[in-house]
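Sequence lines, in order, name chains A and B.
FYI, in our numbering the residues of the first sequence are 1 to 194.
FYI, in our numbering the residues of the second sequence are 1001 to 1194.
Yeah, the Cβ is synthetic: ideal placement off N, Cα and C, and Gly gets one too.
Nothing here was measured: the structure is a model prediction, and the numbers come from that model.
2 protein chains.
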Amino acid sequence: MSAVAPYLKAIASRRTVYALKPQLPSNVTLQDVQSVVEAIIKDTPTAFNSQINRAIILTGAEHKRVWDETVNSVQGDSGKKRPASVRDEAFGTIVFFTDDKTTEELQAKFPVYASIFPQFADHSSGAAQIQTWTALKQLDVGGHLQHYNGYIKAALPKSIPLEWQVHSQLVFGLPAVDELPQKSYIENPVKIFS
Amino acid sequence: MSAVAPYLKAIASRRTVYALKPQLPSNVTLQDVQSVVEAIIKDTPTAFNSQINRAIILTGAEHKRVWDETVNSVQGDSGKKRPASVRDEAFGTIVFFTDDKTTEELQAKFPVYASIFPQFADHSSGAAQIQTWTALKQLDVGGHLQHYNGYIKAALPKSIPLEWQVHSQLVFGLPAVDELPQKSYIENPVKIFS
């Protein structure tokens, strides 16, 4: 079991970190983050190797602009708090997409699976998102996953294809806290049937 | 970047391995596989910490029975080939589920997110599936991911709750080949907007 221990330890180390500063650890560059995301997007499997995952990184003025538009679009003061803190306290945002045009081409090509291809895309996108979150943690970059999908879609740079479905936003930066709240777990055994 | 290199290497090492023998590597037990799946199900994040992921392991007579029923249910000789090879050549199957009852409770509790909770469940299930596949590879266990969801659902042990939605089957065993086909990749840059 020792061969898998580092991998499981990495997975267990990933946590939701809301308290962030708008910087990176001193030994990590934005290009490091970019390389990590590219590697994970490349190696996350997709149905029929369709490679439907896409991602972009927002930082600096574009990060601020997109989240400011989100703050202005969300109704109600309490709802604006999270996007405002993301705008002001995070270093950047990785936006995860799947290319719906490719999914539609798969549906046309393999009609017997047409109804399940969107779920396959969701499975693969979820893996890309959560693996990226875990990978950034290995670099001491903290993050939390948000789903302001409609607001973000409306505020994205205009060069992003409309067929790219927004799945989530992994907000990242330098953790501003040392201690995180305890997580609670349900009893959830994996039974063997033999 | 060296802190994240082993994690990225693990991700890149995961491949689809169809050619399997119905055994495990000599230093790996079924309980090791069970521990890996339990750890990953536990530590894969879920919306509102809802912990909707579930899994079981089929092996031995139950693995054979479930896949034999699938072979008998699938129409046409060519369609029967894959489930027959799984039945005869794999050591076991990890079936991944999400608990739809929990998802429905979330939808009732947070109606503003009701329409997106099924996608959140798919994201989390996909992460659990693909991380398990990667983890098994670290133990030199090979596998491939199948989606005979309706057939498997109909053949499952009767103690599995009906509300557990079947997402996929990770079929595993000892790799029977040393060489795998080259994978092809599209150009898929992750652009920075700043």
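Measuring CB to CB, does residue i end up less than 7 Å from residue j?
| i | j | result |
| --- | --- | --- |
| A1039/B | I1094/B | no |
| F96/A | H147/A | no |
| D1115/B | T1098/B | Asp is not the amino acid found at residue 1115/B; the sequence shown has Ser there. In this structure, T1098/B does not lie closer than 7 Å to S1115/B by Cβ. |
| P1006/B | P25/A | no |
| A127/A | T46/A | no |
| T103/A | F117/A | yes |
| L180/A | R65/A | no |
| K1021/B | L1174/B | yes |
| D1100/B | Q1165/B | yes |
| V1086/B | K1080/B | no |
| R1194/B | T59/A | Strictly speaking, residue 1194/B in this sequence is Ser, with Arg absent from that position. Yes, the pair counts as a contact, with Cβ atoms nearer than the cut-off. |
| D122/A | D1068/B | no |
| Q169/A | I152/A | yes |
| V1190/B | V37/A | yes |
Can you round the beta-carbon distance between residue i and residue j to whole angstroms, since I take them to be within the 8 Å contact cut?
| i | j | result |
| --- | --- | --- |
| G1004/B | Q131/A | Going by the sequence as given, residue 1004/B is Val instead of Gly. With a Cβ gap of about 11 Å, V1004/B and Q131/A do not count as contacting. |
| V33/A | G142/A | Contact flag wrong, Cβ pair sits at about 12 Å. |
| H1144/B | V1171/B | 5 Å |
| I1192/B | I57/A | 5 Å |
| A155/A | T70/A | 6 Å |
| K42/A | Y1185/B | 6 Å |
| H1063/B | A1090/B | 7 Å |
Here's the rule I'm using: 16 or more other beta-carbon atoms within 10 Å means buried, otherwise exposed. How should residue i be labelled?
| i | result |
| --- | --- |
| P83/A | buried |
| Q23/A | exposed |
| N53/A | buried |
| G76/A | exposed |
| V1112/B | exposed |
| E1187/B | exposed |
| A1108/B | exposed |
| F48/A | exposed |
| Q1031/B | exposed |
| G150/A | exposed |
| F1120/B | buried |
| E1162/B | It is Leu, not Glu, that sits at residue 1162/B in the sequence shown. Exposed, since its Cβ has fewer than 16 Cβ neighbours within 10 Å. |
Could you list the residues in the stretch 1142 to 1168 of chain B with a C-beta less than 8 Å from some C-beta on chain A, going in chain order?
-> L1145, H1147, N1149, P1157, H1167 and S1168
Of all the alpha helix (DSSP H) runs that stay within the bounds of the stretch 1129 to 1175 of chain B, which reach a length of 4 or more residues?
-> 1149 to 1155
For the stretch 51 to 65 of chain A, which residues have a beta carbon sitting closer than 8 Å to at least one beta carbon of chain B?
-> Q51, N53, R54, A55, I56, I57, L58, T59, G60, A61, E62 and H63
Return the residues of the stretch 104 to 120 of chain A that lie within a Cβ-Cβ distance of less than 9 Å from chain B, sorted by chain order.
-> Y113, I116, P118, Q119 and F120
Contact residues within the stretch 1169 to 1194 of chain B, judged by C-beta distance below 8 Å to chain A | K1183, S1184, Y1185, I1186, N1188, P1189, V1190, K1191, I1192, F1193 and S1194
Could you give the uninterrupted runs of the alpha helix (DSSP H) lying entirely in the stretch 1018 to 1095 of chain B, keeping only those of 4 residues or more?
-> 1030 to 1043, 1060 to 1073 and 1077 to 1089
Mind listing which residues of the stretch 1029 to 1052 of chain B have their C-beta closer than 8 Å to chain A's C-betas, in chain order?
-> L1030, D1032, Q1034, S1035, V1036, V1037, E1038, A1039, I1040, I1041, K1042, D1043, T1044, P1045, N1049 and Q1051
Along the stretch 1006 to 1022 of chain B, what residues have a CB closer than 8 Å to any CB found in chain A?
-> P1006, Y1007, L1008, A1010, I1011, A1012, R1014 and T1016
Of the residues that make up the stretch 1122 to 1135 of chain B, which ones have a beta carbon closer than 9 Å to any beta carbon in chain A?
-> D1122, H1123, S1124, S1125, G1126, A1127, A1128, Q1129, I1130, Q1131, W1133, T1134 and A1135
Between the stretch 65 to 91 of chain A and chain B, which residues of the former have CB atoms less than 7 Å from a CB of the latter, in chain order?
-> none
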